[in-house]
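Numbering (the UniProt record's numbering), first residue to last: 1 to 539. Glycine residues also receive a C-beta, built at the ideal position from the N, C-alpha and C atoms. Bear in mind that the values here come from a model prediction, so they are computed numbers and not experimental data. A quick write-up on the structure given underneath.
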């Protein structure tokens, strides 16, 4: 977990201005210890102080929607995993009373249970579903006290008298205020909310596990087109890591906080959170739209979508390359790295006088070894593809490369991981000066090897590495020297455009796979991303 994403803790509420500028704007969770302990609800709703009777008297006649889940004590957000059943709030209170009286007993609710009895009036109001249900299967989730977006859904507005709007929210345009109440211990599935959230504990205790939005690939969010798109698809009980392998690392990106009665937790929009609630825990939460989402203009959505997808794709490509291991030739070499740096510095000093024709004996040892590795790889790959093709030497120095007479033969494989491609692994850790010397030497001494490497052996990750090395060279040399290098490099090929196409096609193939990875990690679902075709509109 990055330090900048660490949960903050405060002993008192900041001012509304301080909250907006120093906490909310950073989009990082914060705990406010004891900030709502003076609410009337903290004492009046407490079951130990007769709070259940108080609530039954105040709002017992109101109808509420309860979650009824067969997977309890785990409650998943997907509608397929639970039912939403209307019942009088007094019926739910009756279950709470029954649970308090029968804690530790394994009996189930029946007509002989003490406490609230289900009568005809309950059944007539749609509550017969609960007759055979255990209390642990029932949960009041997101019961509106206030709902600015749908006033008709408000069910417990009367309870607003027992809570007080926290000062940090006085200038916010609230979307809703909701009651959350469970009977037995309960666990909610990992999910994020599309609004900022202030979760206030009235009675009981909750433990909250938090993940930043950047960790969502570890949680496998449900497909974005699905009904429960803001929920993780990883099962909380007995997760199958063969289906969700990244989930094994999810806790490394998480942080936990325990909230007691009177505490409040700010959960920024987009942060995944999974909540464990002790029995008879009650909480009130406030949702409001962030300033960022409120300021987004509809006509800009498509642009922001493309920019964000491009950023995520670029980051995915960087991560794939950074996962690559160091090639063994570099580890086994006894070359002093300071010599490489000194040689590179020498290259920079002689930019304008640089000789572009390199003899093999002029190469530094590490460069000569890398060149040998590359030529050997091309030789082995071409020979393996067609044992009947004659092998010819590009040089008298023992570095051999086979050549094929079939112009359309393709030996490349769809390799996207650096550690799987020996060519890309060698190129990836080369300093720009050494890389440049190797390819100049290859162009002058082994032109057919270079041609085979680019046209037939360059994988998608290899093409990405090659072009990144080109960029590094461009940053360290004058435009004149850049042009000289590329003239020599592409001058090897009978068809320079075919070489450029091979490199660009491989690079775009690598980016396409990274884009597919992004869709899988952040959007969910299986997507078939089409290949680019020059001159064709794929929109």
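Cutting at 7 Å between CB atoms, please list the residues of its own chain near residue i, excluding the five before and the five after it.
i, result
"residue 507", "463, 464, 467"
"residue 251", "none"
"residue 360", "368, 397, 441, 445"
"residue 316", "514, 517, 518"
"residue 265", "29, 31, 199, 208, 257, 259"
"residue 13", "32, 35, 166, 167, 168"
"residue 242", "none"
"residue 172", "288"
"residue 499", "454, 455, 490, 493"
"residue 451", "492, 493"
"residue 436", "473, 485"
Return no unless some Cβ of chain B is closer than 8 Å to the Cβ of residue i.
i, result
"residue 185", "Judged by its chain identifiers, the structure shown contains no chain B, having just a single protein chain."
Grab the span of the beta strand (DSSP E) containing residue i for me, first residue to last.
i, result
"residue 540", "Here the chain has residues from 1 to 539 only, and residue 540 is not among them."
"residue 205", "205-211"
"residue 84", "82-88"
"residue 143", "138-147"
"residue 5", "Here residue 5 belongs to no beta strand (DSSP E), and DSSP marks it neither H nor E."
"residue 151", "Where residue 151 is concerned, there is no enclosing beta strand (DSSP E), given that its DSSP letter is neither H nor E."
"residue 479", "Element bounds for residue 479: not the beta strand (DSSP E) but the alpha helix (DSSP H), 479-491."
"residue 68", "63-69"
Note down, in chain order, each residue of its chain lying with its Cβ closer than 6 Å to the Cβ of residue i, except the 5 sequence neighbours on either side.
i, result
"residue 455", "502"
"residue 136", "72, 73, 184"
"residue 41", "162, 163, 202"
"residue 291", "none"
"residue 78", "228"
"residue 128", "Caution is warranted here: a pLDDT of 46 is assigned to residue 128, below 50, making its placement in the model unreliable, and the coordinate value is therefore given only provisionally. No residues qualify anywhere along the chain."
"residue 84", "65"
What residue range is occupied by the uninterrupted alpha helix (DSSP H) comprising residue i?
i, result
"residue 464", "460-476"
"residue 509", "496-518"
"residue 362", "Per DSSP, residue 362 belongs to no alpha helix (DSSP H) and is neither H nor E."
"residue 427", "422-428"
"residue 443", "432-445"
Relative to the C-alpha of residue i, which candidate in the options has its C-alpha closest?
i, options, result
"residue 431", "474, 422, 458, 493", "474"
"residue 86", "98, 73, 95, 64", "64"
"residue 73", "262, 451, 183", "183"
"residue 25", "215, 249, 293", "293"
"residue 89", "279, 101, 143", "143"
"residue 269", "196, 211, 276", "196"
"residue 216", "244, 240, 461", "244"
"residue 8", "255, 486, 414", "255"
"residue 372", "418, 417, 426", "426"
"residue 284", "178, 2, 495", "178"
"residue 470", "322, 262, 439, 280", "439"
"residue 44", "37, 484, 54", "54"
"residue 57", "39, 91, 81, 48", "91"
"residue 190", "170, 27, 220, 214", "220"
"residue 95", "138, 263, 84", "138"
"residue 10", "366, 61, 22", "22"
"residue 170", "20, 214, 101", "20"
"residue 5", "222, 308, 212, 238", "212"
"residue 2", "253, 527, 434, 364", "253"
"residue 362", "434, 378, 60", "434"
"residue 459", "262, 238, 263, 505", "505"
"residue 262", "37, 295, 380", "37"
Check this for me: beta carbons of residue i and residue j, under 8 Å apart or not?
i, j, result
"residue 160", "residue 146", "yes"
"residue 374", "residue 423", "yes"
"residue 286", "residue 174", "yes"
"residue 232", "residue 272", "yes"
"residue 180", "residue 140", "yes"
"residue 68", "residue 93", "no"
"residue 415", "residue 461", "yes"
"residue 281", "residue 226", "no"
"residue 323", "residue 419", "yes"
"residue 176", "residue 151", "no"
"residue 218", "residue 247", "yes"
Here's a check: name, in chain order, each residue in its chain whose Cβ is nearer than 8 Å to the Cβ of residue i, leaving out the five neighbours to either side.
i, result
"residue 313", "511, 514, 515, 518"
"residue 187", "73, 74, 75, 236, 274, 275, 276, 277"
"residue 224", "523, 524, 525"
"residue 529", "512, 515, 516, 519"
"residue 206", "199, 258, 259, 275, 276, 277, 278, 281, 283"
Practice item. Can you check the segment 20-59 for any alpha helix (DSSP H) of at least 4 residues that lies completely inside it and give the ranges in chain order? Key: 40-44, 51-59
**Study point:** Ranges of the alpha helix (DSSP H) found wholly within the UniProt domain "JmjC" (154-303), counting only runs of at least 4
**Key:** 216-219, 291-295
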